[in-house]
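Student: Take this structure, written in structure tokens, and hold onto it; I'll ask about it next.
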Amino acid sequence: MKATDRHKLIDRINTLEGLTDDERSALLGLLREHKTYGLVWEDKPEEVEERLRNELPVLVEVKERAIGGGGNSLLPNHLIIEGDNLEALATLAYTHAGKIDVIYIDPPYNTGNKDFIYNDSYVDNEDSYRHSKWLSFMSRRLRIAKKLLSDRGVIFISIDDNEQANLKLLCDEIFGFRKLIATLIWKSKSGGANDASAFGVDHEYILCYCSDISRVFINKDKGATVTTAYNKTDKDGRRYSLDRLDKQSLGYQSTLDFPIIGPDGREYVVEHKDPSHKKARWRWGKETVQERYEELVFIWPYVYTKNYEKTDGQKPRSILFDERFGRTRTGSTDLNKILGNQNIFSYPKPAALIKYIIELGSKIDSYILDFFAGSGTTLHAVMQLNAEDGGKRQCILCTNNENGICENVTYERNKRVIEGYTKPNGEQVEGLHNNNLRYYRTDFVGRSRSTKNMRRLVQLSTDMLCIKENLYAEKKSFAGLPTYKNIYRYFEQGEQKMLIIYDERYVDELVKMISSVETASKIKVYVFSPSEDPWEASFEPVGDRVELCALPQAIYNTYKRILPKPKRKPLESEEEDAPAGADQEGGEA
């Protein structure tokens, strides 16, 4: 549609009688959604998205499944979240916004062979909305994932030809096309060409996007095979090889074709194998040659530079061909060795591949996220990498429990990796004991802001606050007095301190208790409040000792930015129960 025609239609809609304000606004919104380039699809609602219009997700720990050193903050605290990953991502938007350095996901490839479930039904080749459903599904999750990435964060997404082109355009739209770092190609098979009629497809893709192209940093590939023979040693012990200063492959430039006088007084010139075309030239210009003359090596009739051995690794390559990255069958072998079951999970990625990817994008203290956790390979890889380099990386896995996958595969695999296990052949494998693992399930609170819902949200958010602060060591007393579960709870580990106040009637008493405590660091105080004011005036006497946050408003603020808008207004009974001054229309999360 031409711009002039669009403007005429807008004018007609604005003057058309019989439309409600909402209908008029919806029509105008559709007309103004104009793309000059990009991806367009039919948005398809999800049942989980509809549920989130009426309920807010929270995380509740399944304490009997905790593994490792408990609240020891010196060990990495890894998390498994059981639930729909859209719900889990919403909770992480509160606990981990801007904290995740590496996201790796292996989403369903939408092959049409019953690998992708949408609203509890498999999507097959005959579904005319197959691609729209997949794009709707991925878009909702990637938009939240973007908010989780740190300013140096990267996301790696495995995919194959079924949706690679669509995923690329979707990520261009969500992250920005300039945020694409690379499209990696992984050789996923070593043989067997029976999966295609014309070509044997033995590769998959891994798209890599970043949060901020100016801040992202990709580590060197420390395991790269070095083909250069570093057969010379400098006076400081560094090994090097010689590299010709004149090159045939760089494109001829007359300004880079000049004589160089060597220390022996001879004139060294570019060697032209085909003088009539002058294909060769020096790699350095005259000024650079003068500045770095002492670095040159003259062996008549050639000039060389020193190519020093890179001890910190090589620049990573975009084609992951080597056996060291594993193959699809390697992932199945990894899993079978741990769980002892054949075909318990289809096509798990090899731990070697995921470990390599995480090492490229992370520092030793990074947060890693996989919200399509499947068999739990990502956590296994993180723990292996930490064991190798002494890192403290912390990993978060999210997956549903369809067919018991979260309990029986994701959790059980990593439980055995931490505690140790026996391979099917009887070989004992020592556990990676220096890890904590905690297991959570998603739960829900009514979305309307009744006093009852607000208080329940604060009560159920305790586990989320522990995750947010990475502080799990609960104390039974505070300031010499016992804590009470429904009034206040206290957590402390080293210099970290957190006080959660559920009953605002005890604020004044707790202020006196805080004033009696000697503390070198501030206490993070989360306090129930019907508004955004965390009782700041009441805490003024200890203002230099505390950092205040009003709940549940801080959670509402996060959810309001990412969750779908509620379809209904609060019920009359809920409106009557709402705290004075609450905004019933716009105050919903």
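Residue numbers (my numbering): 5 to 593. All C-beta atoms in this analysis are idealised placements derived from N, C-alpha and C, irrespective of residue type, glycine included.
Rounded to a whole number of angstroms, what is the C-alpha to C-alpha distance between L464 and Y492?
Tutor: Distance between the alpha carbons of L464 and Y492: 13 Å.
Student: Buried or exposed for H82, please, with buried defined as at least 16 other CB atoms from any protein chain shown within 10 angstroms of its CB.
Tutor: So H82 ends up on the buried side.
Student: Does the beta carbon of N81 fall short of 7 Å from some heavy atom of the ligand ATP?
Tutor: Absence of the ligand ATP is noted for the structure shown, with no ligands found whatsoever.
Student: What are the start and end residues of the beta strand (DSSP E) that includes K224?
Tutor: Careful: K224 lies outside any beta strand (DSSP E) and carries neither H nor E.
Student: Is the separation between the beta-carbon of T446 and that of L96 shorter than 8 Å?
Tutor: Taking 8 Å as the Cβ cut-off, T446 and L96 do not qualify as a contacting pair.
Student: Quick one: complete alpha helix (DSSP H) runs, 4+ long, within the segment 400 to 455?
Tutor: If we require 4 residues or more, the alpha helix (DSSP H) runs fully inside the segment 400 to 455 come out as 416 to 423.
Student: Looking at the structure shown, is S245 part of a helix, part of a strand, or coil, going by DSSP?
Tutor: Strand.
Student: Taking the alpha helix (DSSP H) that S336 falls in, what are its first and last residues?
Tutor: Taken as a continuous stretch (DSSP letters only), the alpha helix (DSSP H) holding S336 covers T332 to L343.
Student: Measuring straight from C-alpha to C-alpha, what distance separates L254 and W304?
Tutor: Approximately 22 Å, taken between the alpha carbons.
Student: State the DSSP-derived secondary structure class of L43, mapped to helix, strand or coil.
Tutor: Three-state result, L43: coil.
Student: Using three-state DSSP, classify R285 as helix, strand or coil.
Tutor: The answer is strand: DSSP assigns R285 an E or B state.
Student: Tell me the residue span of the beta strand (DSSP E) that contains V301.
Tutor: V301 -> beta strand (DSSP E) spans V301 to I303.
Student: Work out the CA separation of E473 and V521 for me, nearest whole Å.
Tutor: Computed Cα separation, rounded: 21 Å.
Student: Based on DSSP bridge pairs, tell me the residues matched to H82.
Tutor: In the DSSP output, where bridge partners are listed per residue, H82 has L441.
Student: If you compare alpha carbons, which of L555, T523, E540 and S542 is closest to P534?
Tutor: Ranking the options by Cα distance to P534, first place goes to L555.
Student: Would the beta-carbon of V515 fall within 8 Å of that of P538?
Tutor: Against a cut-off of 8 Å, the Cβ pair of P538 and V515 comes out as no contact.
Student: So, under 8 Å CB-CB, L173 and G380 are touching, yes? Tell me the CB distance rounded to an integer number of Å.
Tutor: Contact doesn't hold; Cβ gap of about 30 Å is too wide.
Student: Cutting at 6 Å between CB atoms, please list the residues of its own chain near L461, excluding the five before and the five after it.
Tutor: Excluding sequence neighbours, L461 sits near V449 and P556.
Student: Can you tell me which of W138, P263, L357 and F325 puts its alpha carbon nearest to the alpha carbon of T334?
Tutor: Comparing Cα-Cα distances from T334 to each of W138, P263, L357 and F325, the minimum goes to L357.
Student: Under 8 Å Cβ to Cβ from E275, same chain only, skipping five residues before and after it: list those, please.
Tutor: Answer for E275: D250, A284, P305 and Y306, listed in chain order.
Student: Could you check which residue in N129, I85 and T115 has the C-alpha nearest to that of V66?
Tutor: Measuring from the Cα of V66, the nearest candidate turns out to be I85.
Student: Hey, how far is the Cα of L389 from the Cα of D338?
Tutor: Each residue's Cα considered, the two are about 16 Å apart.
Student: Suppose you measure from the CA of G378 to the CA of G22; what does that come to, to the nearest Å?
Tutor: Roughly 51 Å separates the two Cα atoms.
Student: Thinking just about the alpha-carbon of each residue, which of N340, G395, N123 and K456 is nearest to the one in E54?
Tutor: Closest option to E54, Cα to Cα, is N123.
Student: Within 10 angstroms of its Cβ, does Y488 collect 16 or more other Cβ (buried), or is it exposed?
Tutor: Y488 should be labelled exposed.
Student: Cβ atoms of Y234 and E299: under 8 Å apart, would you say?
Tutor: No, the pair does not count as a contact, with Cβ atoms beyond the cut-off.
Student: With distances taken between CB atoms, is the gap from E46 to Y126 smaller than 8 Å?
Tutor: No, they are not a contact pair.
Student: Taking the beta strand (DSSP E) that Q557 falls in, what are its first and last residues?
Tutor: Premise fails: Q557 lies in the alpha helix (DSSP H), Q557 to I566, not in any beta strand (DSSP E).
Student: In this structure, does DSSP put S143 in helix, strand or coil?
Tutor: If DSSP states are grouped into helix, strand and coil, S143 belongs with the helices.
Student: Buried or exposed for G157, going by 16 or more other Cβ atoms inside 10 Å?
Tutor: It counts as buried.
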